[in-house]
Structure formats: structure tokens, C-alpha cells
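*Asks:*
There are 2 protein chains.
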Amino acid sequence: MAAAEGAAPTRIMVAVNESTIKGYPHASISSTGAFHWTLNKIVRTNTSAFKLLFLHVQVPDEDGFDDMDSIFASPEDFRTMKRRDKIRGLHLLEYFVNHCHEIGVACEAWIKIGDAKEVICHEANRIQPDFLVLGSRGLGPFQRVFVGTVSEFCVKHADCPVIAIKRNASQTPQDPVDD
Amino acid sequence: MAAAEGAAPTRIMVAVNESTIKGYPHASISSTGAFHWTLNKIVRTNTSAFKLLFLHVQVPDEDGFDDMDSIFASPEDFRTMKRRDKIRGLHLLEYFVNHCHEIGVACEAWIKIGDAKEVICHEANRIQPDFLVLGSRGLGPFQRVFVGTVSEFCVKHADCPVIAIKRNASQTPQDPVDD
């Protein structure tokens, strides 16, 4: 039997991240693709029947590469850096939340810090969505050896069903590891 | 933008198989679970926006074990056996098609013969559904070594997104390899 009108909404968790290409906190090509795929293929016009849960995992900058040109002279400089990271994350989530608001789809969004694949599984197991949508670069086996894939890990370790949406071939950047 | 009313329906391919437990062509626990999950969590009340495509792959009985007690005395006996297999497959599909018909969801169903995981990927790549739903027994890593999993193979080899729906723990039969 199809779910009755008024049943609890289907809760879809969507993990999103920043683009590696642009300097500003744009959503990655694969995150944006997975989001629009979810709206176009699943939610469609049934906007009240779904709730989207956006998780953005910020990866701590272990090697400090992003801050190679920064000068840290006081504790305040570090706080500034952390605040800047937080603002970038909020800008990212704002894109998804604004879009949902415009089309009338309920949503929530939050930020966690850590290793993306582990945090995504941990949060999925904590939040228990009906399923998890992940954007994927759709890398071949050779490239995967070097960059790993979050989706393969989550399919194995998340309690809920996982669907990985591969980036359109036409949207692959010059370096396919970029996103 | 959410898909407009009247846009082409989302085409969901669902691979279904017979139960290994019951003698009669009942759908397997995991197939039935994946089907109802799709209706309850994705289709919901938006029945006109989706089309379900049911594929049943019949595995040729290589070792003839199922026919150990049969006596083949004429070519007609073999034809009878093939006809019986076909009837079993049709009964299986009838369950899914009837249910869709009752709730007003468009569907198609067909049977292919061969290795399940390879035929499912081949058909998915031929039919190009928006995504593929597979029931999964949710076996642990130890059991998987012996029985393999269709869903792991399809995630890697199907062109479309794949979502595996694990069987409810409460529905696991005495031997978890059964379904």
C-alpha cells in the first residue's frame, strides 16, 4: 500500500561538501548534482512528503596547506581562521537551505568536523534517515585507489540504504579528482 | 527546481526473485521488502509520478538439483519443465504487477534467464532507469564471502544509481542465507 497522505515525511540525508575548484564556498559539482537529482527524481512535486537533512563535514586542514601564506602571530589569528572556516561552511549550507525554502521542502542542515566518510556514517546511524544520498565523482578503479571513495565506505558502514549519484560525465572538470 | 507536474515519470527498476524458502513462487523476503520500501518511502501518494520496472532473472538450474526426482522420458518432458519454470516466473511477477495496478502505479515486468547480477546490470544499462532498487539479505562480511552479493556487483557495474534495501533483521529466516 502506498503511504497515506499525512504519513511522516520520508527523511533523506544528503551529505554535501565544498567544491575543490573554486576559492569561495561553492557546493561541489557532485553535491549539487546529488541534490538536484533528489529533487527531480524523488521529491518531484510532492514537496510536503519529504524532509531533507543536509550534513556538511569539514575536514580539519591537517597539513595546514590552505594556510601556507597566513601568518599566525597571536591566538586571535587562530580563532579568526576557525571562524572563517565556520563561515565558509555556513555559506555552503545556506545554498541548499535557501533552495529548499524556495520550493517548499522542509529541511535541516548542520556541520560536523572530522573525516568525511566516518562522520557521515556516524551521523547517519545517529539520525536514522530513511536513506542517504551521496554525490560521487564516478572515478574509475585506478583513480579510486588514490583518492578513496566516501560512497563505497558508507554503503558498507551506514545502517540505512545509501544511493550514490555519479557526477554527469559532461561536468567532469579537467582533473577528474577535482569536484 | 522540483520537477513540474506532467514531467516524465521517474523510472525505477526493481529486481525481484523467488523465495528460497517456500516451494511455491513466492517473492523473496528481500524483494518484497525492497518493493514496499519503494512504495512507502519514494512513491508515497504521488502514484502518477513513478513507473516501476520489474525484472526477474531466472537462474538456469545448472546441476539439475531441483529436478532430481523428475523422470525425463521424452522431449516433451523437457518442454514441460521449461514451461513450469516460466509459469513460476510469471506468478512471481504477477504479485508485483497486481499490487501496482491496485494502487495505480504504472509498471512493466519481464523475465530474463542467466546469472542474476550480470543480467541485472545488462538490463539496467539497456533500459536506463533513473535508478535501480535491489533487495539485500544484509549478510555480514563472513557470509558474503560464500554467497557473494548481487548488490555490491551492481553498484560497481550498473550505469545508473543503485540502492540496496537490507532485509529487516526481524524477518531474517533461521538460515540467514535463505531469503
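Taken in sequence, the protein lines are chains A and B.
Residue numbers for the first sequence follow numbering that gives the first Met the number 0, so the first one is 0 and each next one is one higher.
Residue numbers for the second sequence follow numbering that gives the first Met the number 0, so the first one is 0 and each next one is one higher.
Cβ atoms here follow ideal geometry from the backbone N, Cα and C, with glycine treated the same way.
Between the C-alpha atoms of cysteine 120 of chain A and phenylalanine 77 of chain B, what's the straight-line distance to the nearest angstrom?
*Replies:* Translated into positions along the first sequence, residue 120 of chain A becomes position 121. Translated into positions along the second sequence, residue 77 of chain B becomes position 78. Those two C-alpha atoms are separated by around 51 Å.
*Asks:* From glycine 88 of chain B to leucine 54 of chain B, what distance separates their C-alpha atoms?
*Replies:* Residue 88 of chain B sits at position 89 when you count from the first residue of the second sequence. Residue 54 of chain B sits at position 55 when you count from the first residue of the second sequence. Roughly 10 Å between the two C-alpha positions.
*Asks:* Using a cut-off of 8 Å between C-beta atoms, extract the partners of arginine 166 of chain A located in chain B.
*Replies:* In the first sequence, residue 166 of chain A corresponds to position 167, counting from 1. Those within 8 Å of arginine 166 of chain A in chain B number zero; the least Cβ separation is about 12 Å.
*Asks:* Output yes or no for whether 7 Å exceeds the beta carbon distance between alanine 48 of chain A and proline 8 of chain A.
*Replies:* In the first sequence, counting from the first residue as 1, residue 48 of chain A sits at position 49. In the first sequence, counting from the first residue as 1, residue 8 of chain A sits at position 9. Closer than 7 Å, so yes.
*Asks:* Please list, in chain order, the residues of the stretch 28 to 58 of chain A that have any C-beta partner in chain B closer than 7 Å.
*Replies:* Cβ contacts with chain B come from Leu38, Asn39, Lys40, Ile41, Val42, Arg43, Thr44, Asn45, Thr46, Ala48.
*Asks:* For the beta strand (DSSP E) containing serine 73 of chain A, list its first residue and its last residue.
*Replies:* As a working mapping, residue 73 of chain A is identified with position 74 in the first sequence. Where serine 73 of chain A is concerned, there is no enclosing beta strand (DSSP E), given that its DSSP letter is neither H nor E.
*Asks:* I need the boundaries of the beta strand (DSSP E) containing glutamate 107 of chain A, first residue and last residue.
*Replies:* Counting from one through the first sequence, the residue named residue 107 of chain A turns up at place 108. From DSSP, the beta strand (DSSP E) with glutamate 107 of chain A extends over 105 to 112.
*Asks:* Listing by chain order, which chain B residues have their CB less than 7 Å from the CB of alanine 163 of chain A?
*Replies:* In the first sequence, the residue the question calls residue 163 of chain A occupies position 164. Chain B residues near alanine 163 of chain A: Pro160.
*Asks:* In chain order, what residues of the stretch 123 to 134 of chain B put their CB closer than 7 Å to some CB of chain A?
*Replies:* Hits within the stretch, in order: Asp129, Phe130.
*Asks:* Are there 16 or more other CB atoms within 10 angstroms of the CB of aspartate 129 of chain A, so buried, or fewer, so exposed?
*Replies:* Along the first sequence, one-based indexing puts residue 129 of chain A at 130. By the neighbour-count rule (16 or more Cβ atoms within 10 Å), aspartate 129 of chain A is buried.
*Asks:* Only counting the same chain, and skipping five residues up and downstream in sequence, which positions put a Cβ closer than 7 Å to that of serine 29 of chain A?
*Replies:* For this step, residue 29 of chain A is matched to residue 30 along the first sequence. Correct list, in chain order: Gly134, Ser135, Arg136, Arg166, Asp178.
*Asks:* So for valine 161 of chain A, helix, strand or coil by DSSP?
*Replies:* As a first step, residue 161 of chain A is located in the first sequence; it is residue number 162 there, counting from the start. In the structure shown, valine 161 of chain A sits in a strand (DSSP, three-state: E or B).
*Asks:* Smallest Cα separation from isoleucine 112 of chain A: which of A:Thr44, A:Glu122, A:Ala72, A:Leu38?
*Replies:* Looking up residue 112 of chain A in the first sequence gives position 113. The option with the nearest alpha carbon to isoleucine 112 of chain A is A:Glu122.
*Asks:* Using 7 Å as the limit for Cβ to Cβ distance, is threonine 171 of chain B near chain A?
*Replies:* Taking the second sequence and counting its residues from 1, the one referred to as residue 171 of chain B is at position 172. Cβ-Cβ to chain A under 7 Å: no for threonine 171 of chain B.
*Asks:* Going by Cα to Cα distance, which pick from B:Gln127, B:Glu101, B:Glu151 is closest to leucine 138 of chain B?
*Replies:* Taking the second sequence and counting its residues from 1, the one referred to as residue 138 of chain B is at position 139. For the residues B:Gln127, B:Glu101, B:Glu151, the minimum Cα distance to leucine 138 of chain B belongs to B:Glu151.
*Asks:* Would the C-beta of proline 74 of chain A count as close to the ligand COA, meaning under 6 Å from any of its heavy atoms?
*Replies:* For the structure depicted, the ligand COA is absent and the ligand set is empty, with no information on it obtainable.
*Asks:* I want to see whether chain B comes within less than 7 Å of threonine 148 of chain A, judged by CB atoms only; does it?
*Replies:* As a working mapping, residue 148 of chain A is identified with position 149 in the first sequence. Threonine 148 of chain A does not count as touching chain B.
*Asks:* Which residues mark the beginning and the end of the alpha helix (DSSP H) in which arginine 125 of chain B is found?
*Replies:* The sequence position of residue 125 of chain B within the second sequence is 126, counting from 1. Here the alpha helix (DSSP H) through arginine 125 of chain B covers 115 to 126.
*Asks:* Which of helix, strand or coil does DSSP assign to glutamine 173 of chain A?
*Replies:* The sequence position of residue 173 of chain A within the first sequence is 174, counting from 1. In the structure shown, glutamine 173 of chain A sits in coil (DSSP, three-state: anything other than H, G, I, E or B).
*Asks:* Once the 5 residues before and after methionine 0 of chain B are set aside, which same chain residues still bring their CB inside 8 Å of it?
*Replies:* Counted from its first residue, the second sequence places residue 0 of chain B at position 1. Low confidence applies here, because methionine 0 of chain B scores a pLDDT of 47, under 50, leaving its location unreliable and the question unanswered by this model.
*Asks:* Let me see if you follow: with CB-CB separation under 7 Å, is threonine 19 of chain B close to chain A or not?
*Replies:* Numbered from 1 along the second sequence, position 20 holds the residue referred to as residue 19 of chain B. Chain A, which has no Cβ nearer than 7 Å to the Cβ of threonine 19 of chain B, makes this no.
*Asks:* Tell me whether the beta-carbon of lysine 50 of chain B lies closer than 7 Å to the beta-carbon of arginine 83 of chain B.
*Replies:* The residue labelled residue 50 of chain B in the question sits at position 51 within the second sequence. The residue labelled residue 83 of chain B in the question sits at position 84 within the second sequence. Result no, Cβ atoms of lysine 50 of chain B and arginine 83 of chain B do not sit closer than 7 Å.
*Asks:* Kindly indicate which three-state DSSP category isoleucine 38 of chain A falls into: helix, strand or coil?
*Replies:* Looking up residue 38 of chain A in the first sequence gives position 39. Isoleucine is not the amino acid found at residue 38 of chain A; the sequence shown has leucine there. Correct three-state label for leucine 38 of chain A: helix.
*Asks:* When DSSP labels each residue in this structure, what does serine 30 of chain B get in the three-state scheme?
*Replies:* For the purposes of this step, residue 30 of chain B is identified with residue 31 of the second sequence, where counting begins at 1. If DSSP states are grouped into helix, strand and coil, serine 30 of chain B belongs with the helices.
*Asks:* Where do the N-terminal and C-terminal ends of the alpha helix (DSSP H) with valine 58 of chain A fall, by residue?
*Replies:* Walking along the first sequence from the start, residue 58 of chain A turns up at place 59. Premise fails: valine 58 of chain A is in no alpha helix (DSSP H) and is neither H nor E.
*Asks:* Out of curiosity, what's the CA-to-CA distance linking glutamine 57 of chain A and cysteine 159 of chain B?
*Replies:* Translated into the one-based positions of the first sequence, residue 57 of chain A becomes position 58. Translated into the one-based positions of the second sequence, residue 159 of chain B becomes position 160. If you take the alpha carbons of glutamine 57 of chain A and cysteine 159 of chain B, they lie about 29 Å apart.
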